[in-house]
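Protein chains: 2
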Amino acid sequence: MNAHHLDRIDLHIIKLLQSDGRITNLQLSNEIGLSPAPTLERVRKLENQGYIKSYHAVVDEEALGFNVKCFIQITINLNVPDARNKFIQKINAIEEVVECHHVTGSSDFVVKLIAKDMKGYERIILEKLSKIEEIGHQSSMMILSSNVKPALPIVIEK
Amino acid sequence: MNAHHLDRIDLHIIKLLQSDGRITNLQLSNEIGLSPAPTLERVRKLENQGYIKSYHAVVDEEALGFNVKCFIQITINLNVPDARNKFIQKINAIEEVVECHHVTGSSDFVVKLIAKDMKGYERIILEKLSKIEEIGHQSSMMILSSNVKPALPIVIEK
DNA sequence: CGTGAAACTTTCAAGAT
DNA sequence: ATCTTGAAAGTTTCACG
Chain L
319 MNAHHLDRID LHIIKLLQSD GRITNLQLSN EIGLSPAPTL ERVRKLENQG
369 YIKSYHAVVD EEALGFNVKC FIQITINLNV PDARNKFIQK INAIEEVVEC
419 HHVTGSSDFV VKLIAKDMKG YERIILEKLS KIEEIGHQSS MMILSSNVKP
469 ALPIVIEK
Chain R
319 MNAHHLDRID LHIIKLLQSD GRITNLQLSN EIGLSPAPTL ERVRKLENQG
369 YIKSYHAVVD EEALGFNVKC FIQITINLNV PDARNKFIQK INAIEEVVEC
419 HHVTGSSDFV VKLIAKDMKG YERIILEKLS KIEEIGHQSS MMILSSNVKP
469 ALPIVIEK
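In C-alpha cells, the structure reads:
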C-alpha cells in the first residue's frame with residue numbers, strides 16, 4: 319500500500335473527499351473530468367485499498383457542551399512489566415480520551431482528553447486516570463483555543 | 319447556540335453522522351425512527367445552527383506518504399508586540415501545520431506538523447518555523463504511533 | 001410528523017477507445 | 001485496461017395534509 323499506484327485523478331479525488339466528505343459522486347465526477355461510473359470505481363478502490371479510511375461529520379464541541387479540553391503528557395512507570403501496552407489499552411478505553419500519541423522526548427505519551435466542565439474533568443482524573451498504575455508522572459496543559467485543519471497538504475504534481 | 323435545544327433524536331443524528339459521515343438520509347431516517355423528510359429537516363437545522371460543522375474523508379497518512387508527524391511545544395517571545403496574534407497567523411499559514419493549540423502551562427502553544435520524511439521535516443523547520451520571530455523557544459516530540467477516535471463521547475440521556 | 005411524487009443520484013451491464 | 005453511455009434502482013427533496 320504505497321502512493322505509487324495513485325495517479326493525479328486519484329489524488330484529486332482524495333483531496334475533494336477530504337474537503338467535502340458528502341460531495342455526491344456526480345459532482346465529484348464533474349470536478350475530476352470523468353463520468354460517474356469510473357469515478358465511483360476509483361472511490362471504491364481507494365476505500366478498499368485503505369487510502370480512504372472513513373467518513374465523519376465534524377461537530378462543534380462547544381455547542382455540544384464540551385468546554386474543557388486538555389493535553390496530558392504522561393511518562394510510563396517502568397517498574398510494571400509490559401507497561402506500555404497495558405497503558406495503551408487502559409487509556410484508550412476511557413471514553414473521554416479522544417487521542418493517544420506515543421511520542422519521543424521527555425514524555426512517553428501525549429493524550430488528549432475532553433470533558434463538559436471542570437467537575438467532569440476532575441472526575442475523569444480521579445476516577446479513571448489515577449487508577450492506571452502504569453502511569454509514572456503526568457502533566458496537563460489546558461487547551462484555551464485551537465485551529466485544526468481538516469485536510470492534509472496533498473500536492474498534485476505535473 | 320447551546321445544547322438545550324437538542325432532543326434525543328438530534329443527538330442520535332449527530333452520533334450517527336459522526337460515526338458515518340456518508341450514511342444516506344434514508345438509512346439515517348430508519349435508524350432514528352422517523353421518515354426521510356423530517357430527518358433531512360433536522361440534519362439541515364443541525365448544519366445551519368452550527369452543531370455539525372463539516373464532513374470529511376479520513377485518509378491513511380502513511381499510505382499517502384506522510385511518515386513524519388510531530389508535536390512542537392512553543393513559547394512566545396514576549397519582546398515582540400502582539401506576538402501571540404502574529405504567531406497564530408504565521409503558524410497557521412504553514413501548510414504542513416495541521417493543528418495549533420493555545421495552551422496553559424510552561425509552553426504557550428502545541429503545534430502538530432506533518433511531513434513526508436525527515437528531509438522534508440528539516441526543510442519546514444529551517445525554511446518556515448525558524449523564520450517566525452515571535453517564537454521564543456521550541457521543543458519537539460516525534461510521534462511514533464497514534465490512536466485518534468473519530469467521534470466525541472456523546473451520551474443520549476433518558 | 002407522514003405521504004407521495006418529481007427530480008436527482010447511484011450503480012451496473014454493455015460496448016467504445 | 002480504462003472510459004462512456006444509457007437504463008434501472010435507489011435517494012433526496014418538496015408541497016400538502
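In order, the protein sequences belong to chains L and R.
Note that the numbering used here gives residue 449 to position 131 of the first sequence, counting from 1, and the numbers run on in steps of one.
Note that the numbering used here gives residue 400 to position 82 of the second sequence, counting from 1, and the numbers run on in steps of one.
All C-beta atoms, glycine included, are put in the ideal place defined by N, C-alpha and C.
Roughly how far, in whole angstroms, is the beta-carbon of L:Val-421 from the beta-carbon of L:Lys-430, given that I think they are within contact range, below 8 angstroms? In the first sequence, the residue the question calls residue 421 of chain L occupies position 103. In the first sequence, the residue the question calls residue 430 of chain L occupies position 112. The pair is not a contact, with the Cβ atoms about 12 angstroms apart (cut-off 8 angstroms).
Counting only beta-carbon separations shorter than 8 angstroms, does R:Arg-441 have a partner in chain L? Taking the second sequence and counting its residues from 1, the one referred to as residue 441 of chain R is at position 123. Not an interface residue.
By the DSSP assignment, the alpha helix (DSSP H) with R:Gly-454 in it spans what residues? For the purposes of this step, residue 454 of chain R is taken as residue 136 along the second sequence, with counting starting at 1. Not the alpha helix (DSSP H): R:Gly-454 falls in the beta strand (DSSP E), residues 453-466.
Assuming contact is defined by CB atoms lying nearer than 8 angstroms, are R:Ile-341 and R:Leu-335 in contact in what I supplied? Numbered from 1 along the second sequence, position 23 holds the residue referred to as residue 341 of chain R. Numbered from 1 along the second sequence, position 17 holds the residue referred to as residue 335 of chain R. Going by C-beta atoms, R:Ile-341 is nearer than 8 angstroms to R:Leu-335.
Quick one: what does DSSP say L:Thr-422 is sitting in, helix, strand or coil? Here residue 422 of chain L corresponds to residue number 104 of the first sequence, with the count starting at 1. DSSP places L:Thr-422 in coil when its eight states are reduced to three.
Separation of L:Pro-356 from L:Ile-474, as counted between CA atoms: Indexing the first sequence from 1 puts residue 474 of chain L at position 156. Indexing the first sequence from 1 puts residue 356 of chain L at position 38. Going by the C-alpha atoms only, they are around 20 angstroms apart.
For L:Ile-472, the residue or residues it bridges with in DSSP: Position 154 of the first sequence, counted from the start, is the residue given in the question as residue 472 of chain L. None, per the DSSP bridge assignment.
Quick check on this structure: which residue in R:Tyr-369, R:Arg-441, R:Leu-346 and R:Asp-325 has the alpha carbon closest to the alpha carbon of R:Leu-470? Within the second sequence, the letter at position 152 stands for residue 470 of chain R. If we check each option's Cα against that of R:Leu-470, R:Tyr-369 comes out closest.
Only counting the same chain, and skipping five residues up and downstream in sequence, which positions put a Cβ closer than 6 angstroms to that of L:Lys-371? On the first sequence, residue 371 of chain L is found 53 positions in, with the first residue counted as 1. The answer is none, since no qualifying residue turns up.
So who's on the other strand from L:Glu-417, going by DSSP bridges? The residue given as residue 417 of chain L occupies position 99 in the first sequence. L:Lys-430 and R:Val-466.
So, does the CB of R:Thr-422 fall closer than 8 angstroms to a CB anywhere in chain L? Sequence index remark: in the second sequence, residue 422 of chain R carries index 104 (1-based). At least one chain L Cβ lies under 8 angstroms of R:Thr-422.
Would L:Phe-405 and L:Ile-412 be called neighbours here (beta carbons separated by less than 8 angstroms)? Here the question's residue 405 of chain L lines up with position 87 in the first sequence. Here the question's residue 412 of chain L lines up with position 94 in the first sequence. Going by C-beta atoms, L:Phe-405 is not nearer than 8 angstroms to L:Ile-412.
How about the segment 373-385 of chain R and the segment 371-383 of chain L: do they share at least three Cβ pairs that are nearer than 8 angstroms? yes
Using the three-state DSSP reduction, which class does R:Tyr-439 fall into: helix, strand or coil? Indexing the second sequence from 1 puts residue 439 of chain R at position 121. Helix at R:Tyr-439.
Buried or exposed, going by whether 16 or more other CB atoms sit within 10 Å of the CB of L:Glu-445? In the first sequence, counting from the first residue as 1, residue 445 of chain L sits at position 127. Answer is exposed; the Cβ neighbour count stays below 16.
Of all the alpha helix (DSSP H) runs that stay within the bounds of the segment 330-389 of chain R, which reach a length of 4 or more residues? With a minimum length of 4 residues, the continuous alpha helix (DSSP H) runs that stay inside the segment 330-389 of chain R are 343-350 and 354-366.
Determine the contact status of R:Asn-343 and R:Leu-358, defining contact as a CB-CB distance below 8 angstroms. Taking the second sequence and counting its residues from 1, one reaches residue 343 of chain R at position 25. Taking the second sequence and counting its residues from 1, one reaches residue 358 of chain R at position 40. Their beta carbons are under 8 angstroms apart, which means R:Asn-343 touches R:Leu-358 by this criterion.
Using only alpha-carbon positions, find the residue among R:Ile-453, R:Asn-465 and R:Leu-324 that is nearest to R:Ala-401. As a first step, residue 401 of chain R must be located in the second sequence, where it is residue number 83. Answer by Cα proximity: R:Ile-453.
Selection from R:Ala-433, R:Arg-360 and R:Gly-351 that minimises the alpha carbon distance to R:Glu-414: The count along the second sequence starts at 1 and reaches residue 414 of chain R at position 96. Comparing Cα-Cα distances from R:Glu-414 to each of R:Ala-433, R:Arg-360 and R:Gly-351, the minimum goes to R:Ala-433.
With DSSP as the reference, identify every bridge partner of L:Ile-392, one or two as the case may be. Within the first sequence, the letter at position 74 stands for residue 392 of chain L. Paired residues: L:Phe-427 and L:Gln-456.
For L:Lys-387 versus L:Ile-443, is the C-beta spacing smaller than 8 angstroms? As a working note, residue 387 of chain L is residue 69 in the first sequence. As a working note, residue 443 of chain L is residue 125 in the first sequence. No.
Please report the distance separating the alpha-carbon of R:Phe-384 from that of R:Met-436. Within the second sequence, residue 384 of chain R is the residue found at index 66, counting from 1. Within the second sequence, residue 436 of chain R is the residue found at index 118, counting from 1. Approximately 10 angstroms, taken between the alpha carbons.
Any beta-carbon of chain R closer than 8 angstroms to the one on L:Lys-371? Counted from its first residue, the first sequence places residue 371 of chain L at position 53. So yes, L:Lys-371 belongs to the interface.
CA-to-CA distance, L:His-455 to R:Asn-366, given in whole angstroms: The sequence position of residue 366 of chain R within the second sequence is 48, counting from 1. The sequence position of residue 455 of chain L within the first sequence is 137, counting from 1. One C-alpha to the other measures close to 43 angstroms.
Integer Cβ distance of L:Arg-360 from L:Ile-331, believed to fall under 8 angstroms: What you label residue 360 of chain L is simply residue 42 of the first sequence in a count that begins at 1. What you label residue 331 of chain L is simply residue 13 of the first sequence in a count that begins at 1. Confirmed, Cβ separation roughly 6 angstroms.
Along the chain, where does the alpha helix (DSSP H) containing R:Lys-408 start, and where does it finish? As a working note, residue 408 of chain R is residue 90 in the second sequence. First-last of the alpha helix (DSSP H) with R:Lys-408: 401-410.
What is the DSSP secondary structure of L:Ile-327, reduced to helix, strand or coil? As a first step, residue 327 of chain L must be located in the first sequence, where it is residue number 9. Note: L:Ile-327 maps to helix in three-state DSSP.
Which class does R:Lys-446 belong to by DSSP, given the choice of helix, strand or coil? For this step, residue 446 of chain R is matched to residue 128 along the second sequence. Of the three classes helix, strand and coil, the one that applies to R:Lys-446 here is coil, per DSSP.
For the segment 454-474 of chain L, which residues have a beta carbon sitting closer than 8 angstroms to at least one beta carbon of chain R? Against chain R - using a Cβ distance shorter than 8 angstroms - the residues of the segment 454-474 of chain L are Ser-457, Ser-458, Met-459, Met-460, Ile-461, Leu-462, Ser-463, Ser-464, Asn-465, Val-466, Lys-467, Pro-468, Ala-469, Leu-470, Pro-471 and Ile-472.
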